Amino acid sequence: MKRFTDINQYKNFFESLIQKERKAEMEFHLNEISLLSARQREAKGRAILNLIGKDAGTGIGGVFLVKLVRGSGLPDNEISNGDVVIISKDKPTGKEEQATVVSKTKRSITIAYNKIPPYLVFGRNLRLDLYSNDITFQRMLDAIDSLEKLPNLQEYVKSNIVLLHESENLNIQKFSSDILNSKQQEIINQALDINDIFLIHGPPGTGKTTTLSYLIKSLFQEQEKVLVTAPSNTAVDNILEKLQTLEIPATRIGNPIRMDENLLNLSLDVQLQDHPEYQQANGIWNKIQVLKKEQDDYVPASGQNRRGLSDSKIIQLASSKKPYRGIQSAKLRKMAKWIKIQQEINKNYEEAQALQTSAIESILEKSPVICTTNSSAGSDLLKDIIFDVVCIDEATQSTEPEALIPLVKGRKWVLAGDHQQLPPTVKAKEASDLSISLFERFQSELPENRIDILTIQYRMHKEIMQFSNENFYDNQLKAHPTVSNHSLHDLPGFEPFPYVNPAIEKVVKASEPIVFINCDNGKEQQLADSHSWFNLEEIALTKEITDALLSSRLFPEDIGIISPYDQQVSRLKSALRDYHVEIKSIDGFQGREKEVIIISLVRSNPDGNIGFLRDYRRLNVALTRAKRKLIIIGNPSTLQSNPIYKTLIENIFNQ
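Numbered per UniProt numbering, the sequence shown spans residues 1 to 655.
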């Protein structure tokens, strides 16, 4: 675990990594924009061409909306609501004003600007590009700067663990629940007793998020103000859903477009709609729109029109009814009128902003629990709020600087995660130290009373659990009796299909929870312009196995197909388009589960080269998604060149 002698050393270390990662993120998009033609980038789904921009008024919070239309319809693209984009006439430079996608239809895409949009967006032949988001990087840097004002947290991140305070027995009522197991209750009580930092280690299926939600309920009952964050919107919504079930009043901060629609009633934006000050502000925004339309009848006091004249000078000259510097008196009068309307707009804008800010502050002040992403915890909305406790779920998927964004807002901190699953995603090789999360740093150094592991898992058959338990969790996990021996036979209607190819008949045998299907005739392939791999023989085998499972009366929603390679995922989706089963990368399936999981490992070569399959944490995630049946497809001779895969395959064949 890295130690730092002083806060300046810490700041310099992480600021350097942040700048490297920020550069890599921007270079990825700018490099692609530079290397690819506009048509090629559109074909990749990261640009849309030939758009016409129209003013679409203002949205929630006074943002300026622009609707971009293409008569022939939008092409397939990976641009989603909430993404950061840039608009240009030609090839973008990266210096364009950033906007956020608000909504999409088949023929249009609406974007929002925080400031008045540049004039070019109201033209024709526009190009929209998916871009990077610089806001999170800036918030990381701001959080690191904030450490100077937080001596306790400063010492912890420097790894001066000896400075941790002893438990003070704060007389918080001991937690108990008939719903949670004894280990979950024990961990909640430990977290309540600690007055600085506590880590909840939650292996797959152990109810980490459930445990955290009950801890938050206890903190709420003790009238503590709690900030709850996670690295992604999906993870935030997962815990918010549990808080809603527990009837804990919470407010969700973030773009409603990115939220689960069933939780929208908890969003700040929806709560604002009923606030009287916000309603008053809305009336003013409407008035501003009327003024803007009125302004269209006059001459804008732009740089070219005003010829260096100030607003007051134009108004003065207009009243004289005389031309000046070649500007006709009628034009001066129209510019003066435009300026007066603009002054009224500015006055109304300030009033609306003040009312809106007051409404937001009122709601957030009264809300005992606030939920948002790690990055959004650094927004101006929470700038002046200090929380009694900050809880981060999926903390092992957050880089250390990202985790600091919410942590600097609290007096006490609870981190929940599993460092044996996927680490934070880092683009820059030279910033690889960012892939070590703060949770992972702390877990090896904190005293025993500051970290504990959940040990009862409620997902997997005990044989599916066995390999990960032995290799990643020191045999600490136990399968709960309700799942220990559950099988496909327990599912309503399941009946093994009798006419299955003998080579794969094990896939419909309920008595074999985990099977390995040999595909040594498979050939790994790679496209010229891609670093990703695919294997057509494994795709055909996956399709055959899925047919057998569906013919055994399993439902499509019971089956998940995962692969470590994006090219394989893409081709599997195409090949099984009509099967309606969920197909994702391993990274995309973390936190998910299915009754049956099929894993296509892809790599097949005589050299035993398995690429990033060597990442054992990725393997651990893949192996722990299945509840009743795990089916692994691969080339054993290639895979067994690696010791952990050799052990895995031998274990399966010996069961």
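C-beta: ideal position from N, C-alpha, C; glycine also.
Nothing here was measured: the structure is a model prediction, and the numbers come from that model.
(message) Quick check on R459: buried or exposed, where buried means 16 or more other Cβ atoms within 10 Å of its Cβ?
(response) With 16 or more other Cβ atoms within 10 Å, it is buried.
(request) Output the distance between the C-alpha atoms of I314 and D269, rounded to the nearest integer angstrom. (result) If you take the alpha carbons of I314 and D269, they lie about 41 Å apart.
(request) May I have the straight-line CA-CA distance separating R46 from G94, to the nearest angstrom? (result) Rounded to the nearest whole angstrom, the C-alpha separation of R46 and G94 is 14 Å.
(message) Taking 7 Å as the threshold (C-beta atoms), are L422 and R603 in contact?
(response) No; because the gap between Cβ atoms is not below 7 Å, this pair is not in contact.
(request) Kindly indicate the opening and closing residues of the alpha helix (DSSP H) around F137. (result) F137: member of the alpha helix (DSSP H) spanning 134–146, first to last residue.
(request) Using DSSP bridges, identify the partner residues of I370. (result) Partner(s): L227, T251.
(request) Compare the beta carbon distance of S108 and K67 with 7 Å and say whether it is the shorter of the two. (result) Yes, the pair counts as a contact, with Cβ atoms nearer than the cut-off.
(request) From the DSSP output, read off the bridge partner residues of L67. (result) Here residue 67 turns out to be Lys, not Leu, going by the sequence shown. K54, T110.
(request) Under 7 Å Cβ to Cβ from V162, same chain only, skipping five residues before and after it: list those, please. (result) Residue placement at V162 is flagged as unreliable, the pLDDT there being 47, under the threshold of 50; a coordinate-derived value is accordingly withheld.
(request) Note the first and the last residue of the continuous beta strand (DSSP E) segment covering Q98. (result) Segment 98–104, the beta strand (DSSP E) holding Q98.
(request) Could you check if S376 is buried or exposed, using at least 16 other CB atoms within 10 Å of its CB as the buried criterion? (result) Buried is the call here.
(request) Assign I644 to one of three DSSP states: helix, strand, or coil. (result) Helix at I644.
(message) Can you look up L584 in the DSSP assignment and give me helix, strand or coil?
(response) Going by the sequence as given, residue 584 is Lys instead of Leu. Per DSSP, reduced to three states, the secondary structure at K584 is strand.
(message) For a test of the three-state rule: what should DSSP assign to A47, helix, strand or coil?
(response) In this structure, A47 counts as strand in the three-state DSSP scheme.
(request) Please determine, among I586, A250, E241, the residue with the shortest C-alpha to C-alpha distance to D260. (result) The candidate whose alpha carbon is nearest that of D260 is E241.
(message) Alpha carbons only, please: which of N181, K509, R577, E25 is nearest the one belonging to G207?
(response) Nearest C-alpha to G207: N181.
(request) Over the uninterrupted alpha helix (DSSP H) stretch that includes E29, give me the two end residues. (result) Before going further, note that residue 29 is His rather than Glu in the sequence given. That run of the alpha helix (DSSP H) goes 7–35.
(request) Please list, in chain order, all residues of the same chain as C371 whose beta carbon is under 6 Å from its beta carbon, the five residues on each side excluded. (result) Around C371, the same chain offers V228, V236, L240, A250, R252 as residues with beta carbons nearer than 6 Å, after the five sequence neighbours per side are excluded.
(message) I need the boundaries of the alpha helix (DSSP H) containing F472, first residue and last residue.
(response) DSSP places F472 in the uninterrupted alpha helix (DSSP H) bounded by 462–472.
(request) Express the C-alpha separation of I79 and residue 657 in angstroms, rounding to a whole number. (result) The requested residue 657 does not occur in the structure, where the chain is confined to residues 1 to 655.
(message) With DSSP as the reference, identify every bridge partner of H201, one or two as the case may be.
(response) When DSSP reads this structure, H201 sits in a beta bridge with G417, I453.
(request) Sort G62, D6, I464, F122 by Cα distance to K54 and report the nearest one. (result) That would be F122, whose Cα lies nearest to the Cα of K54.
(message) Just to confirm my understanding: we take N171, look at its own chain, exclude 5 residues before and 5 after, and list those with CB closer than 8 Å. What are they?
(response) Caution is warranted here: a pLDDT of 49 is assigned to N171, below 50, making its placement in the model unreliable, and the coordinate value is therefore given only provisionally. Apart from the 5 residues on each side of it in sequence, N171 has no Cβ closer than 8 Å to any other Cβ in its chain.
(request) Return the residue from the list Q353, N8, N305 that minimises the CA-CA distance to W338. (result) Ranking Q353, N8, N305 by Cα distance to W338 puts N305 first.
(message) Quick check: N635 and G493, are their CB atoms within less than 7 Å of each other?
(response) Cβ distance not < 7 Å, so N635 and G493 don't count as in contact.
(message) Using the three-state DSSP reduction, which class does L623 fall into: helix, strand or coil?
(response) L623 carries a helical assignment under DSSP once its states are collapsed to helix, strand and coil.
(message) Using only CA atoms, which one of N125, E96, Q289, V369 lies nearest to A38?
(response) The shortest C-alpha separation from A38 is found at N125.
(request) Reducing DSSP to helix, strand and coil, say where T209 ends up. (result) T209: helix per DSSP, three-state reduction.
(message) From the DSSP secondary-structure annotation, give me the bridge partner or partners of E524.
(response) BP columns for E524 point to N535.
(request) Would you grab the beta carbon distance between I144 and E15 for me? Rounded to a whole angstrom, and I think it's under 8 Å. (result) Sure, about 6 Å apart at Cβ, within 8 Å.
(request) Compute the Euclidean distance between the alpha carbons of P92 and R258, then round it to the nearest angstrom. (result) Spanning the two alpha carbons is a distance of roughly 26 Å.
(request) For the alpha helix (DSSP H) holding D269, just list the boundary residues, first then last. (result) Counting along the chain, the alpha helix (DSSP H) containing D269 begins and ends at 268–272.
(message) Among L332, L648, A359, whose alpha-carbon lies nearest the alpha-carbon of I60?
(response) Nearest of L332, L648, A359 to I60, Cα basis: A359.
(request) Work out the CA separation of T624 and G588 for me, nearest whole Å. (result) In this structure, the alpha-carbon of G588 lies about 13 Å from that of T624.
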